[in-house]
Structure formats: C-alpha cells, structure tokens
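Trainee: Supplied in structure tokens, the structure appears directly below.
Number of protein chains: 2
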Amino acid sequence: MIGQDTAADGCCPGLLTAPLDEDASVELARVFKALGDPVRLRLLSMIASRAGGEVCVCDLTPAFELSQPTISHHLKLLREAGLIASERRGTWVYYRPLPETTDRLAALLTRGAAPAPAGARA
Amino acid sequence: MIGQDTAADGCCPGLLTAPLDEDASVELARVFKALGDPVRLRLLSMIASRAGGEVCVCDLTPAFELSQPTISHHLKLLREAGLIASERRGTWVYYRPLPETTDRLAALLTRGAAPAPAGARA
DNA sequence: CTCTTGTTTCGACATACGTCTATGTTGACG
DNA sequence: CGTCAACATAGACGTATGTCGAAACAAGAG
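If you're matching them up, the sequences are chains A and B in order. With the UniProt record's numbering, letter number 51 in the first sequence gets 51, and the count goes up by one each step, no holes. With the UniProt record's numbering, letter number 122 in the second sequence gets 122, and the count goes up by one each step, no holes.
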C-alpha cells in the first residue's frame with residue numbers, strides 16, 4: 001500500500017542524494033509515521049525476529065500493558081504501511097514481516113546507495 | 001540527542017533480529033516520528049543532498065507553501081531528533097546533515113546486519 | 001444451535017501535532 | 001542608536017492520533 005506501483009516514486013536514488021519528490025515524500029512519510037511509535041516499533045521487532053515463522057496476536061498482546069483492541073489497532077497501521085501481513089488460521093491470526101518494505105527504507109537511508117541500477121521496478 | 005550515550009540502547013543488534021528493548025523503542029520512535037512528515041522528509045532530503053555544504057533557511061523556505069515559522073518548527077524537530085545541525089553565520093543560519101543518525105537507522109533496518117559482533121557498545 | 005475464546009471494528013475522549021499570526025531575538029548597516 | 005532582514009519562539013486553533021470500553025465478527029466445542 002506504499003509505493004509498489006506508483007511510477008512517479010523516485011524511491012531508488014535515495015533520500016540523501018536527491019531532493020525527494022513531493023509525492024514520494026508523502027508516501028514515504030506514511031511508512032515512517034507507522035514506525036514513529038514505540039509500541040509499533042516493538043511489535044514490528046517482535047514479529048520480524050521470527051523471520052521464518054509467524055506470531056499470533058495472542059503472543060503479542062501480553063507483552064504490553066495495553067488493551068487488546070489497542071494492539072490490534074497498531075497492527076492494522078503496520079499492515080496498512082506494508083510492513084507486515086496477516087493470515088487467519090483457525091481461531092488465531094498470524095502476523096509475518098514483509099521485508100521488502102524495510103529493505104526499501106534501509107536503502108533509502110543509505111548514503112550513495114542507488115540500489116536498483118537499471119529499471120528494476122517490480 | 002537520540003541515543004549516542006544511552007548505555008541501555010540496544011541499537012546494534014538490529015531491529016529485525018531481536019525483540020527491541022522498551023527504552024530503545026522510545027528513543028527510536030522519536031527519530032522515526034521526526035521522519036514521519038512529508039515536509040520534514042523533504043527538508044532533510046534537501047539538506048542532505050548538499051552532503052558537503054550547508055543550506056540556509058532562506059533557501060529552504062521558498063520551496064514550500066508554508067509560513068517561515070512552520071519551516072522553522074520542522075527544522076527544530078529534525079534538529080532535536082539528531083538528524084541535522086545548525087550554525088549561525090552572520091545573519092543567516094545554515095543547516096547541515098548529521099549522517100550518523102541516518103546511518104544508524106539504515107543499519108537497524110537492514111536484515112542480518114549485526115554490524116557490531118561482540119559487545120561493541122559505543 | 002449455543003457458548004466460549006480470539007480478534008477486529010466502533011464511538012468517545014484526552015492528548016499530540018501541524019499550521020497560522022504575532023512577537024522576540026540576533027546581527028548587519030547607516 | 002535606529003532600522004531592517006533573517007530566524008526563532010509563543011500562543012491559538014483545527015485535526016489527527018493513541019487509548020479505552022462496548023459491541024460485532026469468526027471459528028471451534030459441546
């Protein structure tokens with residue numbers, strides 16, 4: 001839901017080398033804003049550290065002193081930012097990381113990155 | 001102003017491999033929150049693209065359709081997040097990037113980074 | 001079908017955030 | 001000293017965000 005298909009993305013040259021297009025800044029800010037909360041940061045971290053497997057909400061909730069709806073709300077924001085994905089299996093919902101998005105951010109924040117040389121838009 | 005000297009930082013193992021300490025998440029969220037606004041993202045981008053030199057506010061303000069105090073406010077947030085630094089020279093104030101912070105973020109978002117193998121704290 | 005458990009959605013509310021105008025502060029120049 | 005220009009700060013205002021409790025939804029068990 002970020003910029004996987006927005007052609008005017010300007011994602012690749014990196015944030016630190018070119019002045020960053022206005023549309024791109026809006027898209028990008030959406031993702032950074034999703035990371036701009038301690039709870040969401042910890043949630044993402046907990047989910048991503050299980051790089052192969054998934055985590056169900058029932059495992060995440062007790063780690064915080066917050067109500068279950070609040071955790072669910074934060075997970076929704078992370079999902080809408082394209083940072084995680086969810087899948088329901090039986091009674092439980094399992095969350096897993098979407099590394100492409102964090103990879104993209106890491107590349108953007110890396111100096112002189114220019115990660116995708118030729119039109120590697122996919 | 002982020003975590004250059006907070007010992008309980010946990011900055012190094014990377015966000016995606018270990019569950020991320022609670023204090024660290026607060027510090028880190030502060031930086032991401034600073035990036036979670038299109039205007040600040042563009043400001044940082046404009047400043048960082050002058051990697052060697054500086055930019056004065058008078059060059060930044062006209063690029064946006066916002067009042068000068070608003071730009072000043074955003075610059076202050078970026079400064080408090082440790083992403084940029086400012087220096088007054090005569091009438092003008094020049095801003096320059098602080099790459100250490102963005103480097104740190106990039107490392108945190110990189111999978112399997114683990115840049116500091118053994119207890120390389122500081 | 002009903003009941004129980006896990007999860008999401010819905011309103012409501014307090015606080016934080018982005019923006020503005022007005023005012024201060026700092027330095028250059030007569 | 002007075003005035004002007006560049007930035008910063010202060011206060012105000014509307015909107016967004018984080019949180020909750022209550023209710024709705026989904027799926028398995030009896």
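Just so it is clear, CB atoms sit at the ideal spot from N, CA and C, and this is done for glycine as well. Because the structure is a prediction, the values reported are computed rather than measured.
So, does the CB of G82(A) fall closer than 7 Å to a CB anywhere in chain B?
Mentor: G82(A) does not count as touching chain B.
Trainee: Output yes or no for whether 7 Å exceeds the beta carbon distance between L15(A) and S45(B).
Mentor: The answer is yes: Cβ separation under 7 Å.
Trainee: Measuring CB to CB, does A81(A) end up less than 7 Å from V31(A)?
Mentor: Their beta carbons are under 7 Å apart, which means A81(A) touches V31(A) by this criterion.
Trainee: CA-CA distance, L66(B) and L108(A)?
Mentor: The straight-line gap from Cα to Cα measures roughly 26 Å.
Trainee: Output, in sequence order along the chain, the residues in the segment 52–68 of chain A whose CB is closer than 9 Å to any CB in chain B.
Mentor: Result list: A63.
Trainee: Is D23(B) close to chain A? Criterion is C-beta to C-beta, closer than 7 Å.
Mentor: So no, D23(B) is outside the interface.
Trainee: With DSSP collapsed to three states, give me the class of A85(A).
Mentor: Correct three-state label for A85(A): strand.
Trainee: Between L105(B), P62(B), C58(B), I71(B), which has its C-alpha nearest T91(B)'s C-alpha?
Mentor: Closest option to T91(B), Cα to Cα, is C58(B).
Trainee: Starting from the Cα of I47(B), find the closest Cα among S25(B), A63(B), D23(B) and give me that residue.
Mentor: Nearest of S25(B), A63(B), D23(B) to I47(B), Cα basis: A63(B).
Trainee: When we look at the beta-carbon of P97(B) and count the other beta-carbons within 10 Å, is it buried (16 or more) or exposed?
Mentor: The residue in question, P97(B), is buried, as its Cβ has 16 or more Cβ neighbours within 10 Å.
Trainee: CB-CB under 7 Å to R111(A), same chain, minus the five flanking residues each way: which ones, in chain order?
Mentor: Excluding sequence neighbours, R111(A) sits near L16.
Trainee: Run the CB neighbour count on E100(A), radius 10 Å, all protein chains shown included, and call it buried at 16 or more, exposed below.
Mentor: With fewer than 16 other Cβ atoms within 10 Å, it is exposed.
Trainee: Where does P99(A) fall in DSSP's three states?
Mentor: Three-state result, P99(A): helix.
Trainee: By Cβ distance below 8 Å, which residues in the same chain neighbour S72(B) in space, the five residues on each side in sequence not counted?
Mentor: The residues are V57.
Trainee: Can you list the residues of chain A that T17(B) reaches, using a CB-CB cut of under 7 Å?
Mentor: The answer, in chain order, is S49.
Trainee: Take the Cβ of G36(B) as the centre, count every other Cβ of all protein chains shown within 10 Å, and call the residue buried at 16 or more, exposed below.
Mentor: Flag for G36(B) reads buried.
Trainee: How big is the Cα-Cα spacing for T61(A) and Q68(A)?
Mentor: Distance between the alpha carbons of T61(A) and Q68(A): 6 Å.
Trainee: Please tell me whether K76(B) has its Cβ less than 7 Å away from any Cβ of chain A.
Mentor: Output row for K76(B): interface = no.
Trainee: Would T70(B) be called buried (16 or more neighbouring beta carbons within 10 Å of its own) or exposed?
Mentor: So T70(B) counts as exposed.
Trainee: Using the beta-carbon count (16 or more within 10 Å), is R89(B) buried or exposed?
Mentor: Exposed, by the Cβ-count rule.
Trainee: Determine whether the beta carbon atoms of A29(B) and L41(A) lie at a separation below 7 Å.
Mentor: Going by C-beta atoms, A29(B) is nearer than 7 Å to L41(A).
Trainee: Taking the alpha helix (DSSP H) that T70(A) belongs to, which residues open and close that run?
Mentor: First-last of the alpha helix (DSSP H) with T70(A): 68–80.
Trainee: Considering just the uninterrupted stretch of the alpha helix (DSSP H) at S25(A), what are its terminal residues?
Mentor: Where S25(A) is concerned, the enclosing alpha helix (DSSP H) stretches over 22–35.
Trainee: Would you verify that the beta carbon of V93(B) is, or is not, closer than 7 Å to some beta carbon of chain A?
Mentor: By this cut-off, V93(B) is not an interface position.
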